[in-house]
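Asks: Mind looking over this structure? Questions follow.
In our numbering, the protein residues as written are 18 to 210.
Now the structure itself:
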């Protein structure tokens, strides 16, 4: 025997006894109206899904047009954020100060002269704005502190590395993901301590 349950009509909100399990309306006219509403909802969902797919395709086409320089700059920002987080408790590598207008990620070998080393962790360290910008990196003091920090062999390896490398967008995305994950881990570790 069918267990008839009391339900509220989706159209007029009146109570009725359902004859079927999937019945949501009190009379055939309201059933037709409910079916039209459901059909309209389905069309809206399909339109939203189509619009979402078109936006994704548009973003993909837009990204394909962007020059390599855009991706290099985005990756450099992520790497610099990681370096500042890694060296958070350390002073400026060149002058040893703990106070500055702004902390920056200074390159030992500049990005212009050695673009293949622009994402190398040994080549990038926390530096104060004064040393990085106004003193063009304060290279002599940077080298002295760098030898103390990473050792003479690694510094000489940096200085002698002249192998050119042109990064691809895929490589840059991988580097960005890697350093974002490292930065998040450092932040979590610092918050836990």
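By construction, the Cβ of each residue, glycine as well, lies at the ideal position given by its N, Cα and C atoms.
Work out the CA separation of residue 184 and residue 78 for me, nearest whole Å.
Replies: Taking the chain shown and counting its residues from 1, the one referred to as residue 78 is at position 61. Taking the chain shown and counting its residues from 1, the one referred to as residue 184 is at position 167. Near 20 Å, if we compare the C-alpha coordinates of residue 184 and residue 78.
Asks: From what residue to what residue does the alpha helix (DSSP H) around residue 204 run?
Replies: In the chain shown, counting from the first residue as 1, residue 204 sits at position 187. Looking at the DSSP string, the run of the alpha helix (DSSP H) that includes residue 204 is 186-209.
Asks: Is the beta carbon of residue 144 closer than 9 Å to that of residue 186?
Replies: Taking the first residue of the chain shown as position 1, residue 186 is located at position 169. Taking the first residue of the chain shown as position 1, residue 144 is located at position 127. Cβ distance not < 9 Å, so residue 186 and residue 144 don't count as in contact.
Asks: At 3 residues or longer, and completely inside the region 99-155: list those beta strand (DSSP E) runs for me, N to C.
Replies: Within the region 99-155, the complete beta strand (DSSP E) runs of at least 3 residues are 120-124, 141-145.
Asks: Can you name the start and end residues of the alpha helix (DSSP H) that residue 63 belongs to?
Replies: Translated into positions along the chain shown, residue 63 becomes position 46. Counting along the chain, the alpha helix (DSSP H) containing residue 63 begins and ends at 45-82.
Asks: Short of 7 Å in beta carbon distance, which residues of its chain neighbour residue 197, apart from the five on each side in sequence? Order them along the chain.
Replies: Within the chain shown, the letter at position 180 stands for residue 197. The residues are 95.
Asks: Rounded to whole angstroms, what is the Cα-Cα separation between residue 180 and residue 113?
Replies: Within the chain shown, the letter at position 163 stands for residue 180. Within the chain shown, the letter at position 96 stands for residue 113. So the alpha carbons of these two residues sit roughly 31 Å apart.
Asks: Note down, in chain order, each residue of its chain lying with its Cβ closer than 7 Å to the Cβ of residue 18, except the 5 sequence neighbours on either side.
Replies: Within the chain shown, residue 18 is the residue found at index 1, counting from 1. Bear in mind that the predicted position of residue 18 carries a pLDDT of just 44, short of 50, making it too unreliable to give a figure here.
Asks: Does the region 119-129 come into contact with the region 157-169, if we say contact requires no fewer than three beta-carbon pairs (one atom in each stretch) closer than 8 Å?
Replies: Judged by Cβ distances under 8 Å, the region 119-129 makes contact with the region 157-169, as three or more pairs qualify.
Asks: Taking only the alpha-carbon atoms, compute the straight-line gap between residue 127 and residue 154 and give it to the nearest angstrom.
Replies: Stepping through the chain shown from its first residue, residue 127 is reached at position 110. Stepping through the chain shown from its first residue, residue 154 is reached at position 137. For residue 127 and residue 154, the distance between alpha carbons rounds to 9 Å.
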